[in-house]
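In the UniProt record's numbering, the protein residues as written are 1 to 265. Glycine included, every Cβ here is placed at the ideal spot set by N, Cα and C. Everything on this sheet refers to the single structure shown next.
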Ligand SMILES: C[S@@+](CC[C@H](N)C(=O)[O-])C[C@H]1O[C@@H](n2cnc3c(N)ncnc32)[C@H](O)[C@@H]1O
Ligand SMILES: *[C@@H]1O[C@H](CO)[C@@H](O)[C@H](O)[C@H]1NC(C)=O
Ligand SMILES: *[C@@H]1O[C@H](CO)[C@@H](O)[C@H](O)[C@H]1NC(C)=O
């Protein structure tokens, strides 16, 4: 009786011991795998882009100096970034799906040659502002708009660095912010890209009305990356897909278009 009891006791002890160790190992392993996965995911979403000259004012000044010459010589307004198809699709979405009033304040960040503003004006919007930190871009946009007979009270254009708007009280209450390739350019800056991206996010949040929209098109960031970058201040309303552009049979980078609404903080 006594012997048996002791044997049972040992059996139980051994079984319990193995069971607990196995459980322990399982938990440790599961936790580690999970941690690695989560770590990897957030590392991937927090990576910076490789710096490039596309992130510098010098580069854009040169680009637009050339484009001004082309415009003067051939009347060619220059590159529509990320392709006309994609740009037209985004403009169409803005005009048809957001229930905007024609006099809602709209700003185009890094407006370049002013193509998007021109399309919005043609669709009846009349409270438009275009800003770009490149004086040459603004010079080109002014010529393009003048050439198209656009009244300067419909579209205002000015030189402005979107990362430096601290004391500008006119930059408020926008119903819609449009950005095509400007956040990309800022993300490619050889200096302080991470800091500048944070500044950008903070500034655009401040520009926008509580019920406003951010319409952003990017070639350098994926949909998941953009959503992650803006998640503290913005919620996704919808995304517009555009197939990758094709040049001479080669498939290029695809464009990510996202329409965000401002989160109430
Ligand atoms: C890829 S281009 C796109 C231009 C225009 N949005 C278009 O789609 O044709 C990027 C533009 O962002 C402008 N840009 C870059 N950083 C800026 C900043 N901090 N403030 C204002 N504009 C900026 C550049 O001068 C350039 O015109
Ligand atoms: C622009 O339009 C406004 C109102 O329609 C008008 O008063 C103004 O004279 C126009 N300006 C130019 C430069 O045509
Ligand atoms: C960013 O996108 C531009 C096209 O706008 C492309 O030329 C450039 O190579 C891209 N850079 C990176 C680092 O992805």
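Short Cβ contact (7 angstroms threshold) for residue i with residue j
| i | j | result |
| --- | --- | --- |
| residue 125 | residue 102 | yes |
| residue 83 | residue 113 | no |
| residue 261 | residue 237 | yes |
| residue 268 | residue 182 | No information on residue 268 is available, as it lies outside the stretch 1 to 265 that the chain covers here. |
| residue 350 | residue 134 | Outside the displayed range of the chain (1 to 265) lies residue 350, so it cannot be described from this structure. |
| residue 157 | residue 130 | yes |
| residue 258 | residue 216 | yes |
| residue 223 | residue 256 | yes |
For residue i, the first and last residue of its enclosing beta strand (DSSP E)
| i | result |
| --- | --- |
| residue 234 | 234-242 |
| residue 163 | Taken as a continuous stretch (DSSP letters only), residue 163 belongs to no beta strand (DSSP E), as it is neither H nor E. |
| residue 258 | 255-262 |
| residue 176 | 174-180 |
Beta-bridge pairing of residue i - partner residues as DSSP gives them
| i | result |
| --- | --- |
| residue 227 | Paired residue(s): none; residue 227 is not in a bridge. |
| residue 131 | 109, 158 |
| residue 216 | 179, 258 |
First through last residue of the alpha helix (DSSP H) which encompasses residue i
| i | result |
| --- | --- |
| residue 71 | 57-74 |
| residue 202 | 193-207 |
| residue 104 | That residue, residue 104, is in no alpha helix (DSSP H); it is neither H nor E in DSSP. |
| residue 120 | 115-122 |
| residue 97 | 84-97 |
Rounded distance between the beta-carbons of residue j and residue i, thought under 8 angstroms
| i | j | result |
| --- | --- | --- |
| residue 214 | residue 234 | 6 angstroms |
| residue 137 | residue 200 | With a Cβ gap of about 18 angstroms, residue 137 and residue 200 do not count as contacting. |
| residue 194 | residue 186 | At roughly 11 angstroms, the Cβ-Cβ gap does not stay under 8 angstroms, so residue 194 and residue 186 are not in contact. |
| residue 167 | residue 188 | Actually they do not touch by this definition, with Cβ atoms about 27 angstroms apart. |
- request: Using the beta-carbon of each residue, find all residues closer than 7 angstroms to any heavy atom of ligand 3 and list them in chain order.
  value: Result (chain order): 49, 50, 52, 54, 81, 82, 181, 184, 188, 219, 220, 253.
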